[in-house]
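What follows is a single structure, written as structure tokens, with notes after it.
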Amino acid sequence: MKQYLETLRVVLENGEHRMDRTGTGIISLFAPPPMTFDLQKGFPLVTTKKMFLKGIVEELLWFLRGDTNVFHLQEKGVHIWDKNYEAHRIELELEAAHFGVEPEEEEGDLGPIYGHQWRHWDVGNNMFIDQILSLVSMIKKNPMSRRLLVSAWNVADIDKMALPPCHVMFQCYVRDGKYLDMQMYQRSADMFLGVPFNIASYALLLCMLAMECNLTEGRLTITLGDAHIYEDHVEQVSEQLSREPYPLPSWVLSKDADAGVMEFASDCLTLENYQCHPAIKAVMSV
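Count the sequence shown with the working numbering and you get residues 477 to 762, in order.
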């Protein structure tokens, strides 16, 4: 994870102090050099602090099911979307009260966020596109395609979302007829809390897609737009940068032969040889 730690250091040392949407204040650097992780050399999970593995796995499976209800994550013991939901619900209720009506969205719903866009992109006339199924089909049928891409940035739906997508899109590439590579673009990157989580999540997604398509997981490249450290995370970032990384762990995946990529379960995913430093607590700005 030296690439991540180096990017974290570059943002801390060279970023611009700015105010942000949350009012917390950030140190921001635009378009730092991309980070590339070769999954043949280990799974890119941060070892300089303990990561919330259950949250990484359950959120990804939640996206892949096309789910947008925060209560379903809470049932798994994952609360990473709770604050976004609370803010979203208050906004909906205030808007509904202004017009003297009930909120249109059911309780727990976060609006058409990642899972909705990945699995149910609305094209009108009650028709939807399942981008994940389409991606898997294209990788298998036309691995040289330059259209192996999934987007979460649906302009028509941005204002309906509890949080517009931070990791906006990802593209796959079949290399040497054997390796599946992936590049993800992230427009807004919380370097301390969010990015380590996102790297691991997309690396896991890459492993799952490779297994589904009978390929070998290759390289994951993460390209960032606004890479930032919140002002109230500076002390934690300094602590993390003072720690020496451990060797990378590995994931072991298993599933029924006939099951698709959306049918992985958390007990199909096993992390091996994960050695890490203690957790570092920090508050998430919403």
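Every residue gets a Cβ at the ideal spot worked out from N, C-alpha and C, and that includes glycine.
Self-check item: Per-residue DSSP class, three states only, for His493
Solution: In the sequence shown, counting from the first residue as 1, residue 493 sits at position 17. Three-state DSSP puts His493 in a strand.
Practice problem: Hey, could you find the ends of the alpha helix (DSSP H) Ser761 is sitting in? | Solution: Within the sequence shown, numbered from 1, the residue matching residue 761 stands at position 285. Taken as a continuous stretch (DSSP letters only), Ser761 belongs to no alpha helix (DSSP H), as it is neither H nor E.
Practice problem: Could you tell me how far apart the beta carbons of Pro672 and Val486 are, in whole angstroms, since I believe they sit closer than 8 Å? | Solution: Taking the sequence shown and counting its residues from 1, the one referred to as residue 672 is at position 196. Taking the sequence shown and counting its residues from 1, the one referred to as residue 486 is at position 10. No, Pro672 and Val486 are not in contact; Cβ-Cβ is about 16 Å, not under 8 Å.
Quiz item: From Phe547 to Gly501, what distance separates their C-alpha atoms?
Solution: Locating residue 547 in the sequence shown gives position 71, where the first residue counts as 1. Locating residue 501 in the sequence shown gives position 25, where the first residue counts as 1. The alpha-carbon atoms of Phe547 and Gly501 are separated by roughly 30 Å.
Practice problem: Express the C-alpha separation of Asp657 and Ser761 in angstroms, rounding to a whole number. | Solution: Here the question's residue 761 lines up with position 285 in the sequence shown. Here the question's residue 657 lines up with position 181 in the sequence shown. Rounded to whole angstroms, Ser761 to Asp657 spans 32 Å at the Cα level.
Quiz item: Mind checking Thr483: buried by the 16 CB within 10 Å criterion, or exposed?
Solution: As a first step, residue 483 is located in the sequence shown; it is residue number 7 there, counting from the start. Buried, by the Cβ-count rule.
Quiz item: When the distance is taken between beta carbons, is Pro508 closer than 9 Å to Leu625?
Solution: One-based indexing of the sequence shown puts residue 625 at position 149. One-based indexing of the sequence shown puts residue 508 at position 32. Contact flag unset, no.
Quiz item: Is it a yes or a no for the segment 705 to 720 touching the segment 508 to 520, going by three-plus beta-carbon pairs under 8 Å?
Solution: no
Practice problem: For chain C, find out if any of its Cβ atoms is closer than 9 Å to the Cβ of Leu515; answer yes or no. | Solution: In the structure shown, chain C cannot be found, because there is only a single protein chain.
Quiz item: Do Leu540 and Phe740 have their C-beta atoms within less than 9 Å of each other?
Solution: Within the sequence shown, numbered from 1, the residue matching residue 540 stands at position 64. Within the sequence shown, numbered from 1, the residue matching residue 740 stands at position 264. In this structure, Phe740 lies closer than 9 Å to Leu540 by Cβ.
Exercise. Could you pull the start and end residues of the alpha helix (DSSP H) that Ser714 belongs to?
Key: As a position in the sequence shown, residue 714 is number 238, starting the count at 1. Val710 to Leu717 is the extent of the alpha helix (DSSP H) around Ser714.
Quiz item: Is it true that the CB of His704 sits closer than 9 Å to the CB of Arg494?
Solution: The residue you call residue 494 lines up with position 18 of the sequence shown. The residue you call residue 704 lines up with position 228 of the sequence shown. A contact, by the Cβ cut-off of 9 Å.
Practice problem: Let me know if Pro723 comes out buried or exposed under the rule of 16 or more other beta-carbons within 10 Å of its beta-carbon. | Solution: On the sequence shown, position 247 is the one that residue 723 refers to. Looking at its Cβ environment, which holds fewer than 16 other Cβ atoms inside 10 Å, Pro723 is exposed.
Quiz item: Where does Asn545 fall in DSSP's three states?
Solution: The residue given as residue 545 occupies position 69 in the sequence shown. Of the three classes helix, strand and coil, the one that applies to Asn545 here is strand, per DSSP.
Exercise. Kindly confirm or deny that the segment 648 to 662 and the segment 688 to 700 touch, where touching means at least three C-beta pairs closer than 8 Å.
Key: yes
Practice problem: Grab the span of the alpha helix (DSSP H) containing Ile615 for me, first residue to last. | Solution: In the sequence shown, the residue the question calls residue 615 occupies position 139. Segment Gln607 to Lys617, the alpha helix (DSSP H) holding Ile615.
Quiz item: How many Å lie between Cys839 and Leu529 at the Cα?
Solution: The first residue shown for the chain is 477 and the last is 762, placing residue 839 beyond what the model contains.
Self-check item: Integer-rounded CB distance, given that Thr524 should sit under 8 Å from Leu481
Solution: For the purposes of this step, residue 481 is identified with residue 5 of the sequence shown, where counting begins at 1. For the purposes of this step, residue 524 is identified with residue 48 of the sequence shown, where counting begins at 1. A Cβ-Cβ distance of about 7 Å is found for the pair Leu481 and Thr524, placing them in contact under the 8 Å criterion.
Quiz item: Does DSSP classify Trp594 as helix, strand or coil?
Solution: Your numbering for residue 594 matches position 118 in the sequence shown. Trp594: helix per DSSP, three-state reduction.
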